[in-house]
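Beneath this line is the structure, given in structure tokens, with notes to follow.
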Amino acid sequence: MRLFRSSEILGIARDTMEFALEASEETHPNEYMGFLRAEDARKLGLDRKGQVITDVLVIPGTKSDPTSATVQTNMVPNDIKAVGSVHSHPNGVLRPSDADLATFHKGDVHIIIGAPYGWSDWQVFDSSGEPRSLDVLDVPLPEEQFFDFTQADIDEELS
Ligand SMILES: [Zn+2]
């Protein structure tokens with residue numbers, strides 16, 4: 001299963017980050033969990049080589065409680081082209097747990113968003129769990145970016 005691909009990540013689109021913050025707040029007191037997908041920077045009008053995170057993919061059937069989120073791995077399509085993950089910590093702690101570190105080896109960018117889910121309430125980590133920077137970029141998103149992934153798509157991927 002090829003879940004992740006590697007290429008330089010230039011940043012995350014501002015609208016995408018805002019979406020993740022709002023989704024985390026809406027999911028409170030439970031954890032929010034999704035995978036990050038990226039677009040080629042040139043497709044977004046940037047004259048730079050690399051990728052920009054534009055999409056948060058939540059796997060249907062993901063179960064969460066205040067301290068964990070469990071993704072049903074049989075619901076993850078074969079090639080979701082994720083570059084990392086995002087999840088929330090309802091307790092507000094912006095540090096990866098041991099369980100988080102065990103999953104971070106896949107992908108280069110792992111965002112943890114903590115309550116109260118404001119613009120300063122998130123931190124990004126690399127695959128080894130070390131803090132890393134991630135620029136927030138003002139780029140226009142392709143339309144319906146957040147809603148283009150449906151159960152029908154998954155059925156098709158899995159069939
Ligand atoms: Zn965590």
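Heads up: the sequence shown begins at 1 in UniProt numbering, then just goes up one per residue. Ideal Cβ positions, reconstructed from N, Cα and C, are used throughout, including at glycine.
Quiz prompt | Rounded Cβ spacing between Leu-94 and Gly-114 (contact assumed at less than 8 Å) | solution = 5 Å
Quiz prompt | Among Leu-137, Ala-13, Asp-138 and Ser-88, nearest to Gly-118 - alpha-carbon criterion | solution = Ser-88
Practice problem: Counting only the same chain and skipping the five closest in sequence on each side, list residues whose C-beta sits under 8 Å from that of Pro-96. | Solution: Phe-104, His-110, Ile-112, Phe-125 and Gly-129
Quiz item: CB Ala-69 to CB Gly-107, shorter than 8 Å?
Solution: no
Exercise. State yes or no: is the C-beta of Asp-126 nearer than 7 Å to some heavy atom of ligand 1?
Key: no
Quiz item: Can you pull the DSSP bridge partners for residue 167?
Solution: The requested residue 167 does not occur in the structure, where the chain is confined to residues 1 to 159.
Exercise. Give me the Cα-Cα distance between Thr-16 and Tyr-32, rounded to the nearest whole angstrom.
Key: Each residue's alpha carbon lies about 14 Å from the other.
Quiz item: First and last residue of the alpha helix (DSSP H) that includes Glu-26?
Solution: Start and end: 14 to 27.
Quiz item: When you compare only the Cα positions, how much space is there between Leu-141 and Asp-55?
Solution: 9 Å
Practice problem: Assign Asp-100 to one of three DSSP states: helix, strand, or coil. | Solution: Helix at Asp-100.
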